[in-house]
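J.: I'd like to ask you about the structure that follows.
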Amino acid sequence: MSDPANALLEAQKKNYDLPESPRSVGWTHIQRATVADRENPFVLETGKTLWPVEVEYETYGRLNRTRDNAIMVFHALSGDAHVAGWDADAEKMGRTWRLARPGWWDDFIGPGKPLDTGRYFIICANVLGSCYGTTGPTSMCPSAGEPYRMSFPAVSVGDWVRLHGRLLDHLGIDTLLAAIGGSLGGQQALEFSLSMPERVRGAIILAASPWLSAQGLAFNAVARHVIMTDPHWNNGNYSSDKGPEHGLSAARMIGHITYLSRMSMENKFGRRRGRTPSNDRSEGWIVNENGNGNSNGAFEEDPFFEVESYLRYQGSRFVQRFDANSYLYILRAMDHYDASTWGHGDLIEAARRVKCNNLIISFTSDWLYPPGSCRDWATALSRLGRSVTYVNIPSSYGHDAFLLEVEQEGNLVRSFIHQLEKID
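Right under this line is the structure:
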């Protein structure tokens with residue numbers, strides 16, 4: 021059992037805003053809403069229906085009397101609704117990894133931060149297919165009396181966004197001040213502006229493009245392959261205590277390679293050998309016991325380079341908090357997203373649907389969603405005379421820059437939202 025007090029002590033060492041900090045939203049609680057039932061099922065883009073559907077979400081700040089200060093944050097591939105503050109339900113829900121750190125975008129959300137909770141009502145919900153409370157492969161199938169697993173229907177980015185629309189209905193919110201997200205979350209913000217153009221005043225799209233490149237598709241294909249060829253995957257019918265851990269860990273390692281840039285990997289690791297145990301284990305990295313690699317001429321499985329230690333650590337940590345089937349479903353939705361579908365394959369025709377103001381931010385070293393691909397959406401909007409601001413931020417962090425370049429990105433987002441508030 022994890023000790024919350026020790027976890028907070030460790031968090032203090034990392035300079036997080038602790039719950040009592042005036043810049044923190046403090047302790048948070050999960051919320052759940054049933055947004056589809058037998059009488060009102062959720063119809064997927066495939067035509068299949070799904071019920072019941074429950075959505076897990078969190079909110080921060082207060083909805084004003086005119087109900088026009090709501091901002092919806094969309095999470096990325098492996099993210100969740102716990103976007104800021106400290107999860108008061110972490111132990112109860114068995115999500116002990118949350119004890120030692122705040123939500124994944126805590127630097128961005130809170131009093132006085134770019135998404136100022138003293139001014140705005142922030143919402144973040146888990147996507148359909150999630151393993152964090154929203155209905156997905158780990159949920160009970162009402163007709164079978166057991167988890168859906170791989171019998172769960174295929175879902176899409178469009179399905180996620182329409183489901184979030186139902187959540188907004190549940191909350192009594194007609195129109196968002198802004199929809200914002202990075203990476204796969206950015207594609208959801210883009211999709212929201214297309215599928216529900218009357219319900220959003222501003223779309224903020226960070227490190228995301230209208231579709232994933234062939235290179236991105238290839239990495240995702242390999243990630244699926246290593247999961248589905250793990251003997252413990254068993255066609256998705258694995259038990260909760262013995263799943264395809266090796267496959268899921270390897271898939272996460274592949275993902276982390278795409279999140280970094282060549283420069284960030286050189287700066288962070290270079291060709292440095294694995295650290296000594298005394299220096300390395302404090303960060304949880306797997307190390308080579310002798311510190312020098314292969315000392316006896318035989319092949320050893322311990323990581324030889326620091327970058328290997330890092331990737332193995334990220335993989336082993338991920339399997340403790342994520343479900344392999346959910347990962348497969350979300351990867352597939354990511355692969356299939358194509359904003360030009362709204363224009364029958366023509367991106368400019370698709371952009372005609374957009375009525376809101378748009379802020380699009382890319383990062384120079386991002387090769388998962390490279391600047392040129394992000395600029396394609398800005399160009400399509402601009403050619404139609406839509407309101408769009410495009411900024412390519414210099415950064416060496418790669419795709420992860422949307423989480424790390426807080427100051428410059430935050431200033432742009434803050435200014436954009438302030439301008440939205442001035443528009444009648």
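Per this note's numbering, residue 21 is the first one in the sequence shown, and the count goes up by one each step. Glycine included, C-beta positions come from ideal geometry on N, C-alpha and C. Please read all numbers here as calculations on a predicted model, not as lab measurements.
1) Give the range of the beta strand (DSSP E) segment to which Tyr80 is assigned.
2) Assuming Tyr6 is part of the beta strand (DSSP E), what are its boundary residues?
3) Nearest to Ile274 by alpha carbon, out of Phe172, Met283 and Val246?
4) Going by DSSP in three states, Met285 sits in which element: helix, strand or coil?
5) Thinking C-alpha only, which one of Met283, Pro157, Phe94 and Asp386 is nearest Asn255?
6) Where does Tyr410 fall in DSSP's three states?
7) Among all the DSSP beta bridges, which residues are the ones paired with Gly267?
8) Whose C-beta lies closer than 8 Å to the C-beta of Gln340 among residues of the same chain, with five residues either side of it excluded?
9) Mind checking which residues open and close the beta strand (DSSP E) that includes Cys376?
10) What number of angstroms, rounded off, separates the C-alpha of Ile380 from the C-alpha of Ile413?
11) How big is the Cα-Cα spacing for Ala108 and Thr384?
12) Quick check: Gly114 and Leu440, are their CB atoms within less than 8 Å of each other?
13) Reducing DSSP to helix, strand and coil, say where Phe278 ends up.
14) Of all the options Leu367, Gly418, Asp57 and Leu191, which has the alpha carbon lying nearest to the alpha carbon of Gly91?
15) Take Gln51 and list the residues in its own chain whose beta-carbon comes closer than 6 Å to its own, dropping the five residues that flank it on each side.
16) So Pro134 packs on Asp37, CB below 8 Å; how close in whole Å?
17) Drop a sphere of 10 angstroms on the beta-carbon of Gln207, count the other beta-carbons inside from all chains shown, and report buried for 16 or more, exposed for fewer.
18) Could you give the DSSP three-state label for Leu226: helix, strand or coil?
19) With a threshold of 16 other CB atoms inside 10 Å of the CB of Gly392, please say whether the residue is buried or exposed.
20) Quick one: grab the DSSP three-state call for Tyr112.
21) Between which residues of its own chain and Arg272 is the CB-CB distance below 7 Å, once the five residues before and five after are set aside?
22) Could you compute how far the alpha carbon of Phe212 sits from the alpha carbon of Phe325?
23) Count the other C-beta atoms from every protein chain shown that fall within 10 angstroms of the C-beta of Ala241, then say buried if there are 16 or more, exposed otherwise.
24) For Cys144, list the residues DSSP reports as bridge partners.
25) Which residues share a DSSP beta bridge with Gln51?
26) Quick one: what does DSSP say Thr69 is sitting in, helix, strand or coil?
27) Quick one, are the C-beta atoms of Asp71 and Gly99 less than 8 Å apart?
28) Going by the CB atoms, is the gap between Ser203 and Tyr389 shorter than 8 Å?
29) Can you name the start and end residues of the beta strand (DSSP E) that Phe198 belongs to?
30) Can you tell me whether Leu432 is helix, strand or coil according to DSSP?
31) Indicate the three-state DSSP secondary structure (helix, strand or coil) for Met354 in the structure shown.
32) How is Gly130 classed by DSSP in three states: helix, strand or coil?
33) Can you list, in chain order, the residues of its chain whose CB lies under 6 Å from that of Lys442, leaving out five sequence neighbours each side?
34) Can you list, in chain order, the residues of its chain whose CB lies under 8 Å from that of Asp194, leaving out five sequence neighbours each side?
35) Would the region 257-270 and the region 362-377 be scored as touching if the rule is three or more Cβ pairs under 8 Å?
36) Closest to Asn431 by CA distance: which of Gly418, Pro162, Asp136 and Leu280 is it?
T.: Reading from the atomic positions:
1) DSSP places Tyr80 inside the beta strand (DSSP E), whose first and last residues are Val73 to Tyr80.
2) The structure shown does not extend to residue 6, since the chain is modelled only from 21 to 444, so the question has no answer here.
3) Residue Val246 holds the alpha-carbon nearest to the alpha-carbon of Ile274 among Phe172, Met283 and Val246.
4) Residue state, collapsed to three classes: helix.
5) Checked all of Met283, Pro157, Phe94 and Asp386; the closest Cα to Asn255 is Pro157.
6) Tyr410 carries a strand assignment under DSSP once its states are collapsed to helix, strand and coil.
7) Gly267 pairs with nothing; no bridge assigned.
8) Excluding positions up to five away in sequence, the list reads Trp117.
9) In the DSSP assignment, Cys376 falls outside any beta strand (DSSP E) and carries neither an H nor an E.
10) Taking the straight line from one Cα to the other gives about 11 Å.
11) Taking the CA atoms as reference points, Ala108 sits about 37 Å from Thr384.
12) No, they are not a contact pair.
13) Just to set this straight, residue 278 is Thr in the shown sequence, not Phe. Three-state DSSP puts Thr278 in a helix.
14) Residue identity check: residue 91 is Ile in the sequence provided, not Gly. Taking only the C-alpha atoms, the option nearest Ile91 is Leu191.
15) Tyr77, listed in sequence order.
16) Rounded to whole angstroms, the Cβ separation of Pro134 and Asp37 is 14 Å, and the two are not in contact under 8 Å.
17) Around the CB of Gln207, 16 or more other CB atoms lie within 10 Å, so the residue is classed as buried.
18) In the structure shown, Leu226 sits in a strand (DSSP, three-state: E or B).
19) By the Cβ-count criterion, Gly392 is exposed, with fewer than 16 other Cβ atoms from all chains shown falling within 10 Å of its own Cβ.
20) Tyr is not the amino acid found at residue 112; the sequence shown has Lys there. Coil at Lys112, not helix or strand.
21) In the same chain as Arg272, and ignoring 5 residues on each side of it, the C-beta atoms closer than 7 Å to its own belong to Gln334, Gly335 and Phe338, in chain order.
22) Whole-angstrom Cα-Cα distance: 43 Å.
23) Counting of Cβ neighbours within 10 angstroms places Ala241 among the exposed residues, the total staying below 16.
24) DSSP output for Cys144 lists Glu78 and Val93 as bridge partner(s).
25) Answer by DSSP bridge pairing, in chain order: Tyr77.
26) Strand.
27) This sequence places Trp at residue 71; Asp is not what is there. No; because the gap between Cβ atoms is not below 8 Å, this pair is not in contact.
28) Their beta carbons are under 8 Å apart, which means Tyr389 touches Ser203 by this criterion.
29) At residue 198 the sequence reads Ala, which differs from the Phe that was named. Where Ala198 is concerned, the enclosing beta strand (DSSP E) starts and stops at Ala198 to Gly202.
30) In the structure shown, Leu432 sits in a helix (DSSP, three-state: H, G or I).
31) Met354 sits in a helix when the DSSP states are folded into three classes.
32) Gly130: strand per DSSP, three-state reduction.
33) So no residue of the chain qualifies.
34) Around Asp194: Arg87, Leu188 and Arg219.
35) With fewer than three CB-CB distances shorter than 8 Å, the region 257-270 does not count as touching the region 362-377.
36) Relative to the Cα of Asn431, the nearest Cα in the group Gly418, Pro162, Asp136 and Leu280 belongs to Asp136.
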